[in-house]
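Worksheet: the structure to be examined is printed underneath.
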Amino acid sequence: MPITIGRGFLKSEMFSQSAISQRSFFTLLWEKIKDFFCSTRRSAADKYIKELCDVTSPPDAQRLFDLFCALYELSSPSCRGNFHFQHYKDAECQYTNLCIKDGEDIPLCIVIRQDHYYYEIMNRTVLCVDTQPAHLKRYSDINIKTSTYVCEELCCLFPERLLLSLSGGITFSVDLKNIKETLITMAEKGNLCDWKEQERKAAISSRINLGIDQAGVTPIDDAIKNEIAAKVIENTNLKNATFHANHTQSSVTQLVYSCLFKNEILMNMLEESSSHGLLCLNDLAEYVAIQVHNSLFSEDLSSLVETTKNEAYHQR
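For the sequence shown, position 213 (counting from the first letter as 1) is numbered 212 according to numbering that gives the first Met the number 0, and the numbering increases by one without interruption.
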């Protein structure tokens, strides 16, 4: 049976737990690469390596990418040549290799593809599926997933396409590259960091506001909203998050709607003028927006609306 690990699941373990313990597994890798870090940074590097070697709950693809980048930043300048980032793309596929080399040895190798990833530590491989299909919330006959890849400019795994499977064997994809290109342009202009700060506020606040609205409780003033938001932020472990009562939609959500509206096949299928189609469109937009947010901020907002609804009920 698959073992759930974050956004993906463990598909197979190709190493023997009896042959090598997690502790000795960590020790072997650490002995190979500890000299890549100066003494003042080894404790931080030690922590990241332990997370990599947690064979009972392997990190997902985004976390693997984050860990590799963190280890690179912690490494001594003279040893950064041991860290290798290679991105391949052709008409059929694209994938990214992240490697730490020590002479002829490769103590760590991470391979990230669009729909799965695997990594090798001391020649022992963990193979995982990164993105599993999901059902639309109100339409169980529609399966959806995003196809992700490493975006060097944004330094994260980023959704490239929205893949839809309908009843009757109909499948098609929606290109999401306009979202990526918009964000890359911001990065090139030096505006991305400021934008991300505001976007995170808007993304969190708009979903809290939506949860309060969907709860259908009696009119709530701003003081009560702030109280609900504070409890929700605490209960969902959102770090350094703030709430603004006037946010109703995030910029990412607007970018997603723009991409979806441009897809003629999708628009024809949804029959945009009907309420059924609009509800389906809203669910699709929210799904993609959540995936983009998760990629940019390494945090999951998928339960935020429901958590807020439950908290708002307690105010009645």
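Cβ coordinates follow ideal geometry from the N, Cα and C atoms, glycine included. Here the structure is a predicted model, which is why all the values come from computation and not from measurement.
query, result
"What first and last residue would you give for the beta strand (DSSP E) that runs through residue 135?", "133-135"
"Report all residues from its chain with a CB closer than 6 angstroms to the CB of residue 241; omit the five preceding and five following residues, and keep chain order.", "200"
"Go ahead and pull the three-state DSSP assignment for residue 188.", "helix"
"Going by beta carbon distance, what residues of the same chain come within less than 7 angstroms of residue 81, once the five residues before and after it are set aside?", "35, 99, 100, 101"
"With C-beta atoms as the reference, is residue 75 less than 7 angstroms away from residue 108?", "no"
"Evaluate contact between the segment 151-166 and the segment 180-189, counting only Cβ atoms and requiring at least three cross-stretch pairs below 8 angstroms.", "yes"
"Secondary structure at residue 297, three-state DSSP: helix, strand or coil?", "coil"
"So the candidates are 215, 255, 25; which of them puts its Cα closest to the Cα of residue 122?", "25"
"Take residue 272 and list the residues in its own chain whose beta-carbon comes closer than 6 angstroms to its own, dropping the five residues that flank it on each side.", "Per-residue confidence for residue 272 stands at a pLDDT of 49, beneath the threshold of 50, marking its modelled position as unreliable; the derived number appears in the next sentence. Same-chain partners within the cutoff: there are none."
"So residue 44 and residue 66 are supposed to be a Cβ contact under 8 angstroms. How far apart are they, rounded?", "Not quite, the Cβ-Cβ distance comes to about 10 angstroms (not below 8 angstroms), so this is no contact."
"Do the segment 280-287 and the segment 216-223 make contact, defined as three or more Cβ pairs closer than 8 angstroms?", "no"
"Give the C-beta separation of residue 247 and residue 205 to the nearest angstrom, bearing in mind that I take them to be a contact with Cβ-Cβ under 8 angstroms.", "6 angstroms"
"Would you be able to state if there are at least three C-beta pairs under 8 angstroms between the segment 165-177 and the segment 191-200?", "no"
"Apart from the five residues just before and just after residue 224, which ones in its own chain have a Cβ nearer than 7 angstroms to its Cβ?", "211, 244"
"Give me the residue from 207, 202, 287, 257 with the minimum Cα distance to residue 309.", "207"
"For residue 145 versus residue 158, is the C-beta spacing smaller than 7 angstroms?", "yes"
"Under three-state DSSP, which class holds residue 115?", "strand"
"Between the C-alpha atoms of residue 181 and residue 30, what's the straight-line distance to the nearest angstrom?", "43 angstroms"
"Under the three-state reduction of DSSP, which class applies to residue 164: helix, strand or coil?", "strand"
"For a minimum of 4 consecutive residues, which ranges assigned as the alpha helix (DSSP H) are wholly contained in the segment 37-97?", "41-51, 60-73"
"Let's test the definition: count the other Cβ atoms within 10 Å of the Cβ of residue 118 and tell me whether it reaches 16, buried, or not, exposed.", "buried"
"Considering only DSSP beta bridges, list what residue 347 is partnered with.", "Since the first residue shown for the chain is 0 and the last is 315, residue 347 is missing from the structure and cannot be characterised."
"Give the single residue among 303, 257, 56 whose Cα lies nearest to the Cα of residue 237.", "303"
"For residue 87 and residue 79, I'd like the C-alpha separation in whole angstroms.", "21 angstroms"
"Tell me which residues share the same chain as residue 294 and place their Cβ nearer than 6 angstroms to its Cβ, disregarding the 5 neighbours each side in the sequence.", "155, 156, 157"
"Could you pull the start and end residues of the beta strand (DSSP E) that residue 146 belongs to?", "138-150"
"Give the range of the beta strand (DSSP E) segment to which residue 170 is assigned.", "169-174"
"For residue 312, count neighbouring C-beta atoms within 10 Å of its own C-beta (all shown protein chains included) and say buried if the count is 16 or more, exposed if not.", "exposed"
"According to DSSP, is residue 232 part of a helix, a strand, or is it coil?", "helix"
"Within 10 Å of its beta-carbon, does residue 72 have 16 or more other beta-carbons around it, so buried, or fewer, so exposed?", "exposed"
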